[in-house]
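Have a look at the structure below before the remarks.
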């Protein structure tokens with residue numbers, strides 16, 4: 039890709055820009071709905087026949103699309119190839135993250151990891167199609183550490199899961 043003019047080289051995406059949704063290829067719509075809606079609590083906003091469903095949190099048109107257009111009854115994508123690493127789901131508060139962690143524990147749903155990144159705390163797991171899922175909350179921006187050069191000081195340390203659960207009282 040070639041960027042020629044100075045204005046094209048200095049363009050920055052607007053600060054208010056967000057990621058609107060992710061659309062996942064899945065092998066079995068119902069199995070995915072059991073995970074994303076039944077376990078994580080998303081709600082169905084629309085269906086497209088038997089092969090696609092849109093789901094959301096809080097009434098948005100869709101945060102996640104699930105489809106079997108090219109993947110019905112297929113196995114998971116190989117881990118060592120290009121593709122989606124994980125879908126990150128941002129919770130509004132630390133208590134909300136603790137609540138979903140407790141829910142996962144009660145369902146005996148396995149985590150693949152849990153980390154404190156300085157700017158955020160995160161739980162990692164795989165959906166039924168082995169797509170990575172990150173469940174996290176951001177610390178308030180004023181608590182983020184900044185290096186001397188102005189870049190964020192991010193790291194990966196063990197998340198104190200017992201401390202997280204203390205949010206629930």
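In our numbering, the protein residues as written are 39 to 207.
For each residue, glycine too, the CB sits at the ideal point set by N, CA and C.
Exercise for the section: Work out the CA separation of residue 197 and residue 132 for me, nearest whole Å. Expected result: The residue given as residue 132 occupies position 94 in the chain shown. The residue given as residue 197 occupies position 159 in the chain shown. Taking the straight line joining both Cα atoms gives about 12 Å.
Problem - At least three beta-carbon pairs within less than 8 Å, the segment 47-66 to the segment 75-88 - result: No, the segment 47-66 is not in contact with the segment 75-88.
Problem - Three-state secondary structure assigned by DSSP to residue 165 - result: As a first step, residue 165 is located in the chain shown; it is residue number 127 there, counting from the start. The answer is coil: DSSP assigns residue 165 none of H, G, I, E or B.
Exercise for the section: Could you tell me whether the segment 117-130 touches the segment 163-178, using the rule of 3 or more Cβ pairs below 8 Å? Expected result: Because the criterion of three Cβ pairs below 8 Å is met, the segment 117-130 and the segment 163-178 touch.
Problem - Identity of the residues DSSP links to residue 63 by a beta bridge - result: Position 25 of the chain shown holds residue 63. Beta bridge pairing from DSSP links residue 63 with 105.
Handout entry: Through-space distance from residue 200 to residue 102, alpha-carbon basis
Key = Counting from one through the chain shown, the residue named residue 102 turns up at place 64. Counting from one through the chain shown, the residue named residue 200 turns up at place 162. A direct Cα-Cα distance of roughly 30 Å separates residue 102 from residue 200.
Exercise for the section: Name the two residues that bound the continuous alpha helix (DSSP H) containing residue 176. Expected result: In the chain shown, residue 176 corresponds to position 138, counting from 1. Per DSSP, residue 176 belongs to no alpha helix (DSSP H); it is in the beta strand (DSSP E), 170-176.
Practice task
Please confirm whether residue 112 and residue 121 have their CB atoms less than 7 Å apart.
Solution key: In the chain shown, residue 112 corresponds to position 74, counting from 1. In the chain shown, residue 121 corresponds to position 83, counting from 1. Taking 7 Å as the Cβ cut-off, residue 112 and residue 121 do not qualify as a contacting pair.
Practice task
Taking 7 Å as the cut-off, decide whether the C-beta atoms of residue 156 and residue 191 are in contact.
Solution key: Reading the chain shown from its first residue, position 118 is the one you call residue 156. Reading the chain shown from its first residue, position 153 is the one you call residue 191. Going by C-beta atoms, residue 156 is nearer than 7 Å to residue 191.
Practice task
Have a look at residue 166 and residue 118 and give me their C-alpha separation to the nearest angstrom.
Solution key: Residue numbering aside, residue 166 sits at position 128 when the chain shown is read from its first letter. Residue numbering aside, residue 118 sits at position 80 when the chain shown is read from its first letter. Residue 166 and residue 118 have their C-alpha atoms spaced approximately 18 Å apart.
Exercise for the section: Could you tell me the distance, in whole angstroms, from the CA atom of residue 162 to the CA atom of residue 88? Expected result: Indexing the chain shown from 1 puts residue 162 at position 124. Indexing the chain shown from 1 puts residue 88 at position 50. So the alpha carbons of these two residues sit roughly 29 Å apart.
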